[in-house]
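Residue numbers (my numbering): 8 to 305.
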């Protein structure tokens, strides 16, 4: 391979597309939205943990380090989930559009807003799929001071990444996984039914990071490692494992029984299932005008 190819955006676009082709089992958009609706409760529970709160604090600290949040902004929270970031940004006085295709995720945002009425006027929820959304129809071309995309499957390829930049007039924030995640139960069940590794290459930060650099952008980056011990009742654990795997494979009766047996065999005397999950995430922040960002205080 010619080394010069590494500086060619087309090389990284093709590499990303090849990784996506290997991950095509994650398939149909409708199926994916259904799964995220089913995962809404457990996803919210995870976001409300100490590690979830630390992740919000660490992300905002990263943005603060470059002065991004020093003035009131119009922000798109792309793939907002249960709204933890949207609310944290609104609490600091920013106008936030909380976008998600899953209505149950947005219902949780609305529920949280009832407890935080001061944020109500600052957050607008929008149910839409970023992949098919038309920026022109929403009037969102160069509309947001910051497009914020945290660990969202909405930014899944070159087109959706470029759309996020088209919606921004100043900055884009993107976080994705850096290397494999650690989810023992899911990996164990996956390996019983699938020959290829569970890890989705296309979700790795490697592709957008190098593509952006090859295109002339200079993203600043921060890597964060998190781990947490997660304890839940048998039925909740079974449902979570099923919903995670359903994004990547079809579950028949045999697979579902295997999941239940796996959980029940590892349940303690109180009927609780515990496992340690972890991942390394990478945060990217860049100026859409391709300028270099300067860290405050040096």
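The C-beta atom is built at its ideal place from N, Cα and C for all residues, glycine as well.
Just so you know, these numbers come straight off a predicted model, no measurement behind them.
Measuring C-alpha to C-alpha distances from residue 207 to each of 237, 256, 230 identifies 256 as the nearest.
With a minimum length of 3 residues, the unbroken runs of beta strand (DSSP E) contained wholly in the region 172-247 fall at 175-184, 227-240. Around the beta carbon of residue 282, a 10 Å sphere encloses 16 or more other beta carbons of the protein chains shown; the residue is thus reported as buried.
Judged by DSSP secondary structure, residue 81 falls within the beta strand (DSSP E) whose first and last residues are 81-85.
A direct Cα-to-Cα measurement between residue 131 and residue 116 gives close to 10 Å. In this chain, the beta strand (DSSP E) harbouring residue 285 covers 279-294.
Counting C-beta atoms within 10 angstroms of its own C-beta, residue 61 has fewer than 16 neighbours from the protein chains shown and is therefore classed as exposed. Taken atom to atom, the span from the alpha-carbon of residue 253 to that of residue 205 is near 12 Å.
As computed with DSSP, residue 153 is found in a beta bridge with 82, 178. The count of Cβ pairs closer than 8 Å, one atom from the region 286-294 and one from the region 163-171, stays below three, leaving the stretches out of contact. For residue 261, the enclosing alpha helix (DSSP H) covers residues 260-272. Beta-bridge annotation (DSSP): residue 105 is paired with 84, 132. Excluding residues up to 5 positions away in sequence, 206, 284, 285, 286 lie with their Cβ nearer than 8 Å to the Cβ of residue 188 in the same chain.
Rounded to the nearest whole angstrom, the CA to CA distance from residue 185 to residue 288 is 5 Å. Per DSSP, reduced to three states, the secondary structure at residue 299 is coil, with no helix or strand assignment.
For the set 136, 216, 69, 105, the Cα lying nearest the Cα of residue 82 is the one of 105. Distances from the alpha-carbon of residue 78 to those of 201, 11, 96, 210 put 96 closest. Secondary structure note for residue 14: it is in no alpha helix (DSSP H), with a DSSP letter that is neither H nor E.
Excluding the 5 residues flanking it on each side, residue 222 has same chain C-beta neighbours closer than 7 Å at 16, in chain order. With contacts defined by Cβ atoms closer than 7 Å, residue 226 and residue 219 form a contacting pair. The DSSP-derived three-state label of residue 98 is coil.
Contact between residue 261 and residue 245 is absent: CB atoms are separated by about 14 Å, not below the 8 Å threshold. Taking the CA atoms as reference points, residue 239 sits about 35 Å from residue 128. Distances from the alpha-carbon of residue 276 to those of 241, 199, 155 put 241 closest. The residues 258, 263, 266, in chain order, have a CB closer than 7 Å to that of residue 249 in the same chain once the five nearest residues on each side in sequence are set aside. Secondary structure note for residue 145: its alpha helix (DSSP H) is the uninterrupted segment 142-145. Taking a contact as a CB-CB distance under 8 Å, the pair residue 59 and residue 160 does not count as one, their CB atoms being some 18 Å apart. Here residue 174 is near residue 151, since their CB atoms are less than 7 Å apart.
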